[in-house]
Amino acid sequence: MSTVRKTITLTGQQDAWIAEQVQAGRYTNDSEAIRDLIRREQERTGEIAAIRSALIEGEQSGEPERFDFGAFKRRKIAGNG
Numbered sequence: 237m238s239t240v241r242k243t244i245t246l247t248g249q250q251d252a253w254i255a256e257q258v259q260a261g262r263y264t265n266d267s268e269a270i271r272d273l274i275r276r277e278q279e280r281t282g283e284i285a286a287i288r289s290a291l292i293e294g295e296q297s298g299e300p301e302r303f304d305f306g307a308f309k310r311r312k313i314a315g316n317g
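Residue numbers are given in the numbering used here: position 72 of the sequence shown equals residue 308, and the series is strictly consecutive.
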C-alpha cells in the first residue's frame, strides 16, 4: 500500500491530545495516531451503514405481525422436550 504525504491543520488542543497519546506509548508517532483514528472512523461508518441497511430492509419487509410470545414459548418447550 502506498502512502501519501498530507499537511493537516490541528487546533492546539488536538495537537496536545495526540502528543499525550504518543508520550503515553499508545502510538509511536503522530501519523500512527491519526491513521488509527481514521481506521476507527472507517469501521464505525461501515457499522452504521450496515445498521441503516438492516433498518431499511426491515421497513421494506412489509407490515409487522403481532408476536405471540406464549405460542413461541410453547413451540420452544415442545421442540426441546
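Quick reminder that beta carbons are idealized off the backbone N, C-alpha and C, glycines included. Note that this is a predicted model, so its numbers are computed, not measured.
6 Å CB neighbourhood of residue i in its chain, flanking five on each side removed
i	result
residue 282	none
Span separating the alpha-carbon of residue i from that of residue j
i	j	result
residue 301	residue 266	53 Å
residue 258	residue 270	11 Å
residue 294	residue 286	12 Å
residue 254	residue 274	13 Å
residue 288	residue 313	34 Å
Check whether residue i and residue j have beta carbons under 8 Å apart
i	j	result
residue 251	residue 263	no
Where residue i sits in the DSSP three-state scheme
i	result
residue 247	coil
residue 186	Here the chain covers residues 237 to 317 and nothing more, so residue 186 does not appear.
residue 261	coil
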